[in-house]
Amino acid sequence: MRHVIALDVGGTGMKAALVGADGTLLHAARRPTGRERGPEAVVESILGFAEDLRAHGIAHLGEPAAAAGVAVPGIVDATRGIAVYAANLGWQDVPLRDLLSARLAGVPVALGHDVRTGGLAEGRLGAGKGADRFLFVPLGTGIAGAIGIDGAIEPGAHGSAGEIGHIVVRPGGPPCGCGQRGCLERLASASAVSTAWAEASGDPEADAADCAKAVESGDPRAQEVWQDAVDALADGLLTALTLLDPRTLIIGGGLAEAGETLFTPLRAAVAARVVQFQTLPDIVPAALGDTAGCLGAGLLAWDLIDGAAPTGPGPDPDPNPNPTPRR
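Last residue of the sequence shown: 418 (our numbering), numbering continuous.
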């Protein structure tokens, strides 16, 4: 059965799948990234995982994968196939496309940025399907964005389009690793909410999910922390919609798992900021969850060999996909 390999590499875990021509997930697996062993070991883990997936395809689907797609964090040069830099993986200037192609007997390999690859999947298969212009914003450890235009994701002239997390929304605010102060991701990411709620609650183990539960129970301290994050996010999104005029804003990541606890005040906050010349977009939750990056990697692979990827996923993958800790 004709298929491709899809890999989504995270800071602590990797998700992978064999994806059929109609988008069906034929096999799925997870493994730890192993970053504690150093960047060279991480690269070898990726190559070994891909090699095992190729072997599985030969053994169970009757033929090797026709191509592979891999999504990685950090700065990515997709044109040259180089993983330029990722702080959480410790690597720099890794020619990952060529290394993977060599390990996979020369099949074509596509390399993509994790958020933009996830945005590609949401645009073709998920919450952005049918939208000519959308912005996908996952709220996780940090905040980034993927700009979707007519079924494609805009990379920018230098490969860094969509870095909404580094819009300054609170000048003079908390310092960010990028060198600025008051960046959106320092105020409205899941990690930012976790930090703020741990301090406000006095519980160093408290996280954003705990804050959301406290909001739902009516805790005024939690409501203040949550509203501060929502207001910062609304300010950042307003800048994005002013520049991009998207039809749909897709919000994903860990913070979006709070559901209407997030979306009800967020929609209200964005609506309150929109002025006459602006059009309020639909603000919707992401549809694909943590499978978006892996599905997007599969789409990149199919695009390499067919020029057009599947437009709809099929049945669930294997019921026991060798689970390991998620990233």
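Glycine included, C-beta positions come from ideal geometry on N, C-alpha and C. No experiment lies behind these values; they were computed from the predicted model shown.
Inset, instruction - Report yes if the C-beta distance between Asp205 and Gly384 is below 7 Å; otherwise report no. - result: If you number the sequence shown from 1, residue 205 lands on position 114. If you number the sequence shown from 1, residue 384 lands on position 293. Taking 7 Å as the Cβ cut-off, Asp205 and Gly384 qualify as a contacting pair.
Legend entry - Outcome for Leu109 when other beta-carbon atoms lying within 10 angstroms are tallied against a minimum of 16: Taking the sequence shown and counting its residues from 1, the one referred to as residue 109 is at position 18. The residue is buried, with at least 16 neighbouring Cβ atoms inside 10 Å.
Legend entry - Given Gly165 as reference, the closest of Asp184, Gly148, Arg358 once Cα atoms are compared: Stepping through the sequence shown from its first residue, residue 165 is reached at position 74. The shortest C-alpha separation from Gly165 is found at Asp184.
Inset, instruction - Look at the alpha carbon of Leu226 and the alpha carbon of Leu216, and state the distance between them as a whole number of angstroms. - result: Here residue 226 corresponds to residue number 135 of the sequence shown, with the count starting at 1. Here residue 216 corresponds to residue number 125 of the sequence shown, with the count starting at 1. So the two alpha carbons sit approximately 15 Å from each other.
Legend entry - Counterpart residues of Pro229 in DSSP-defined beta bridges: Walking along the sequence shown from the start, residue 229 turns up at place 138. Per DSSP, Gly343.
Inset, instruction - Return the bridge partner residues of Gln183 from the DSSP annotation. - result: Sequence index remark: in the sequence shown, residue 183 carries index 92 (1-based). Tyr176, per the DSSP bridge assignment.
Inset, instruction - Please work out which residues of its chain come closer than 6 Å, Cβ to Cβ, to Asp326, disregarding the five sequence neighbours upstream and downstream, and give them in chain order. - result: As a working note, residue 326 is residue 235 in the sequence shown. The residues are Val260.
Inset, instruction - Tell me, please, whether the stretch 270-285 touches the stretch 194-203 by the rule of three or more beta-carbon pairs shorter than 8 Å. - result: no
Legend entry - First and last residue of the uninterrupted alpha helix (DSSP H) at Lys106: Position 15 of the sequence shown, counted from the first residue, corresponds to residue 106. Careful: Lys106 lies outside any alpha helix (DSSP H), inside the beta strand (DSSP E) at 104-111.
Inset, instruction - Answer yes or no: do Gly253 and Ile238 have a C-beta to C-beta separation smaller than 7 Å? - result: Sequence index remark: in the sequence shown, residue 253 carries index 162 (1-based). Sequence index remark: in the sequence shown, residue 238 carries index 147 (1-based). Yes, the pair counts as a contact, with Cβ atoms nearer than the cut-off.
Legend entry - Local Cβ density within 10 Å of Arg171, reported as buried at 16 or more and exposed below that: Along the sequence shown, read from residue 1 onward, the residue named residue 171 stands at position 80. Its Cβ having fewer than 16 others within 10 Å, Arg171 is exposed.
Legend entry - Complete runs of the beta strand (DSSP E) confined to the stretch 215-268 [at least 3 residues]: 224-229, 237-240
Legend entry - Which listed residue (Gly104, Leu117, Asp397, Pro372) has its alpha carbon closest to that of Ile96: One-based indexing of the sequence shown puts residue 96 at position 5. It is Leu117.
Inset, instruction - Could you give the DSSP three-state label for Asp397: helix, strand or coil? - result: Numbered from its first residue, the sequence shown carries residue 397 at position 306. Residue state, collapsed to three classes: helix.
Inset, instruction - Under 7 Å Cβ to Cβ from Gly242, same chain only, skipping five residues before and after it: list those, please. - result: Counting from 1 along the sequence shown, the entry for residue 242 is found at position 151. Cβ within range, chain order: Gly214, Arg215.
Legend entry - Beta-carbon proximity list for Asp99, same chain, < 6 Å, skipping 5 on both sides: Here the question's residue 99 lines up with position 8 in the sequence shown. Closer than 6 Å at the Cβ level, and outside the excluded window around Asp99, lie Lys106, Ala162, Gly384, Cys385, Ala388.
Inset, instruction - Could you tell me which of Thr370, Ser308, Thr352 sits nearest to Ala329, measuring between CA atoms? - result: As a first step, residue 329 is located in the sequence shown; it is residue number 238 there, counting from the start. Reading off the sequence shown, one finds Leu at residue 329, where the question assumed Ala. Of Thr370, Ser308, Thr352, the residue nearest in Cα terms is Thr370.
Inset, instruction - Just mark Asp294 as buried or exposed, buried being the case when its beta carbon has 16 or more other beta carbons within 10 Å. - result: Taking the first residue of the sequence shown as position 1, residue 294 is located at position 203. It is exposed - the Cβ of Asp294 has fewer than 16 other Cβ atoms within 10 Å.
Legend entry - Selected residue, minimal CA-CA separation from Ala178, among Ala222, Glu245, Gly101: Here residue 178 refers to the residue found at position 87 of the sequence shown. Nearest C-alpha to Ala178: Gly101.
Legend entry - Among Ser136, Ala248, Leu187, Ile255, nearest to Leu334 - alpha-carbon criterion: Counting from one through the sequence shown, the residue named residue 334 turns up at place 243. Cα-wise, what sits closest to Leu334 is Ile255.
Inset, instruction - Per DSSP, which residues does Cys274 bridge with? Please list them. - result: Counted from its first residue, the sequence shown places residue 274 at position 183. For Cys274, which the question treats as bridged, DSSP gives the partners Val259.
Inset, instruction - Rounded to whole angstroms, what's the CA-CA distance from Ala324 to Ala159? Just pull it up for me. - result: Looking up residue 324 in the sequence shown gives position 233. Looking up residue 159 in the sequence shown gives position 68. Reading off the sequence, residue 324 comes out as Leu, not Ala. Near 35 Å, if we compare the C-alpha coordinates of Ala159 and Leu324.
Inset, instruction - Go ahead and pull the three-state DSSP assignment for Ala377. - result: The residue given as residue 377 occupies position 286 in the sequence shown. It is coil, neither helix nor strand.
Inset, instruction - Please name the residue in Gly148, Arg358, Leu180 whose C-alpha comes closest to that of Val447. - result: No answer is possible for residue 447: it lies beyond the span of the chain, which begins at 92 and ends at 418.
Inset, instruction - Take Asp189 and list the residues in its own chain whose beta-carbon comes closer than 7 Å to its own, dropping the five residues that flank it on each side. - result: Translated into the one-based positions of the sequence shown, residue 189 becomes position 98. Gly172.
Legend entry - Where His151 falls, given that 16 or more other Cβ within 10 Å makes a residue buried: Within the sequence shown, the letter at position 60 stands for residue 151. Answer is exposed; the Cβ neighbour count stays below 16.
Legend entry - Contact check, Ile342 vs Val175, beta carbons under 7 Å: Taking the sequence shown and counting its residues from 1, one reaches residue 342 at position 251. Taking the sequence shown and counting its residues from 1, one reaches residue 175 at position 84. Going by C-beta atoms, Ile342 is not nearer than 7 Å to Val175.
Inset, instruction - Decide if Phe368 is buried, meaning its Cβ has at least 16 other Cβ atoms within 10 Å, or exposed. - result: Stepping through the sequence shown from its first residue, residue 368 is reached at position 277. Looking at its Cβ environment, which holds fewer than 16 other Cβ atoms inside 10 Å, Phe368 is exposed.
Legend entry - Through-space distance from Val306 to Gly236, alpha-carbon basis: Residue mapping note: residue 236 aligns to position 145 of the sequence shown, counting from 1. Residue mapping note: residue 306 aligns to position 215 of the sequence shown, counting from 1. Distance between the alpha carbons of Gly236 and Val306: 26 Å.
Legend entry - Assigned secondary structure, Ala359 (DSSP; H/G/I helix, E/B strand, else coil): Taking the first residue of the sequence shown as 1, we reach residue 359 at position 268. If DSSP states are grouped into helix, strand and coil, Ala359 belongs with the helices.
Inset, instruction - Taking Asp294 as part of the alpha helix (DSSP H), name the residues at either end of that continuous run. - result: What you label residue 294 is simply residue 203 of the sequence shown in a count that begins at 1. Asp294 -> no alpha helix (DSSP H), and no H or E assigned at all.
Legend entry - Whole runs of the alpha helix (DSSP H) within the stretch 120-205, excluding any shorter than 4 residues: 130-152, 187-194
Inset, instruction - May I ask you to report which of helix, strand or coil DSSP gives Val366? - result: For the purposes of this step, residue 366 is taken as the residue at position 275 of the sequence shown. Val366 falls in the coil class under three-state DSSP.
Inset, instruction - Could you check how far apart the C-beta atoms of Glu142 and Leu211 are, in whole angstroms? I think they sit under 8 Å. - result: Looking up residue 142 in the sequence shown gives position 51. Looking up residue 211 in the sequence shown gives position 120. About 25 Å; that fails the 8 Å criterion.
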